[in-house]
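1 is the number of the first residue of the sequence shown in the UniProt record's numbering; add one for each residue after it. Note that CB positions come from ideal geometry on N, CA and C, so glycine has one too. Being a predicted model, the structure only gives us computed values, none of them experimental.
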Amino acid sequence: MRLKVDSKLKDKCQDICIGSIEANVKVSDSSSELLQLIDSECKRIENTYETKDVSSIKNINDSRLAYRSIGKDPTRYRLSSEALFRRVSKGDGLYIINNIVDINNLISLKSAYSVGTYDLDKIVGQINFTVGGEGESYKGIGKGSVNIENLPVFEDEEGKFGSTTSDSTRAMINDDSVHILMNIISFNGDKELNLNMDIAEKLLLDYAEAEIIDKIIVR
């Protein structure tokens, strides 16, 4: 696994861990069975949480505190997990994209952690999880330019490509993707990561014809 947590981030977020799964997959439209699982999870959240309560969910709240510790306002730059929960709690459901992205979002709903899945064939060399530098930005998926200054971000030899708020278009999953890295990002330790990685692995095996190459917790 070619992933490490940079000291710039680790020094400020000492409990950070990444549950990382590398796999070969087949990208397709989500099956009816997968869509039923997503619908069931969305209904559970909609029936459990009011939108105003989402930020107090433990894993989301701990991640928000981590943002503040590195100088990013989580009310202006929401975690992707919080954004998903807020959307679902309002009854708007999830955008359905493809089986890999949909599994990514389902794991985020089940765990309340931000999850990022990337096309490894578009990534060059070592992956470093670090902090965005002054004035840095990239083109976000469906969002135009994303200000990544003081955000937790993934970078490779060609630059930044993903964060716990919004990923870039450079390493996004599309119909041609076959080799992926799914990262479940915890700012409060590894207590829940193994369970969520097991759920993610099963979903990938069941609904993406996955061949699991590696599965590890990076600290």
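Roughly how many whole angstroms lie between the Cα atoms of I216 and L181? In the sequence shown, counting from the first residue as 1, residue 216 sits at position 216. In the sequence shown, counting from the first residue as 1, residue 181 sits at position 181. Computed Cα separation, rounded: 11 Å.
Could you round the C-beta distance between N105 and L84 to whole angstroms and report it? I think they count as a contact, below 8 Å. Walking along the sequence shown from the start, residue 105 turns up at place 105. Walking along the sequence shown from the start, residue 84 turns up at place 84. Confirmed, Cβ separation roughly 6 Å.
Sub-9 Å separation of V153 and E136 beta-carbons: Mapped onto the sequence shown, residue 153 falls at position 153. Mapped onto the sequence shown, residue 136 falls at position 136. The answer is yes: Cβ separation under 9 Å.
So if DSSP puts M197 in a beta bridge, which residue, or which two residues, is it bridged to? Numbered from its first residue, the sequence shown carries residue 197 at position 197. Answer is none; M197 lacks a bridge partner.
Cα-Cα, which of I60, R78, G19 and I103 is closest to D206? Counted from its first residue, the sequence shown places residue 206 at position 206. Out of I60, R78, G19 and I103, I103 has the C-alpha closest to the C-alpha of D206.
When the Cα atoms are used, what is the spatial distance from N24 to G125? For the purposes of this step, residue 24 is taken as the residue at position 24 of the sequence shown. For the purposes of this step, residue 125 is taken as the residue at position 125 of the sequence shown. Between N24 and G125, the C-alpha separation is close to 18 Å.
Around the Cβ of residue 291, are there at least 16 other Cβ atoms within 10 angstroms (buried) or fewer (exposed)? No information on residue 291 is available, as it lies outside the stretch 1 to 219 that the chain covers here.
Can you say whether Y138 is buried or exposed, counting buried as having 16 or more other CB atoms within 10 angstroms of its CB? Along the sequence shown, one-based indexing puts residue 138 at 138. So Y138 counts as buried.
Using the C-alpha atoms, what's the distance from Q36 back to S63? In the sequence shown, counting from the first residue as 1, residue 63 sits at position 63. In the sequence shown, counting from the first residue as 1, residue 36 sits at position 36. Pairing S63 with Q36, the inter-Cα distance amounts to about 29 Å.
Mind the definition here: the region 7-18 touches the region 72-89 only if three or more C-beta pairs lie below 8 Å; say whether that holds. Because the criterion of three Cβ pairs below 8 Å is not met, the region 7-18 and the region 72-89 do not touch.
Is it buried or exposed for N47, if we count other Cβ within 10 angstroms and need 16 for buried? Numbered from its first residue, the sequence shown carries residue 47 at position 47. Classification for N47: exposed.
Name the two residues that bound the continuous alpha helix (DSSP H) containing S108. Position 108 of the sequence shown, counted from the start, is the residue given in the question as residue 108. In the DSSP assignment, S108 falls within the alpha helix (DSSP H) that extends over N99 to S111.
By DSSP's criteria, I216 is part of a beta bridge. Which residues make up the other side? Walking along the sequence shown from the start, residue 216 turns up at place 216. In DSSP, I216 forms a bridge with S20.
Using a Cβ-Cβ cutoff of less than 8 Å, which residues in the same chain neighbour V146 once the five nearest sequence positions on both sides are dropped? In the sequence shown, counting from the first residue as 1, residue 146 sits at position 146. In the same chain as V146, and ignoring 5 residues on each side of it, the C-beta atoms closer than 8 Å to its own belong to S137, Y138, K139, G140, S163, T165, S166 and S168, in chain order.
Under three-state DSSP, which class holds D11? Residue numbering aside, residue 11 sits at position 11 when the sequence shown is read from its first letter. Here D11 sits in coil by DSSP.
For S80, which option in M197, I60, I16 and A208 has the closest C-alpha, if you only look at C-alpha atoms? As a working note, residue 80 is residue 80 in the sequence shown. Among M197, I60, I16 and A208, the Cα nearest to that of S80 belongs to I60.
What residue does the beta strand (DSSP E) around T117 start on, and which one ends it? Reading the sequence shown from its first residue, position 117 is the one you call residue 117. Taken as a continuous stretch (DSSP letters only), the beta strand (DSSP E) holding T117 covers S114 to D119.
Return the first residue and the last residue of the alpha helix (DSSP H) that V54 is part of. What you label residue 54 is simply residue 54 of the sequence shown in a count that begins at 1. No alpha helix (DSSP H) contains V54, which DSSP labels as neither H nor E.
Using the beta-carbon count (16 or more within 10 Å), is D156 buried or exposed? Reading the sequence shown from its first residue, position 156 is the one you call residue 156. Classification for D156: buried.
Would you kindly check if the distance between the Cβ of I16 and the Cβ of I185 is under 9 Å? As a first step, residue 185 is located in the sequence shown; it is residue number 185 there, counting from the start. As a first step, residue 16 is located in the sequence shown; it is residue number 16 there, counting from the start. Against a cut-off of 9 Å, the Cβ pair of I16 and I185 comes out as a contact.
Beta-carbon gap between I100 and T117 smaller than 9 Å: On the sequence shown, residue 100 is found 100 positions in, with the first residue counted as 1. On the sequence shown, residue 117 is found 117 positions in, with the first residue counted as 1. Yes, these two residues count as a Cβ contact at 9 Å.
With distances taken from CA atoms, which of I212, K110 and S55 is nearest L195? Translated into positions along the sequence shown, residue 195 becomes position 195. Nearest C-alpha to L195: K110.
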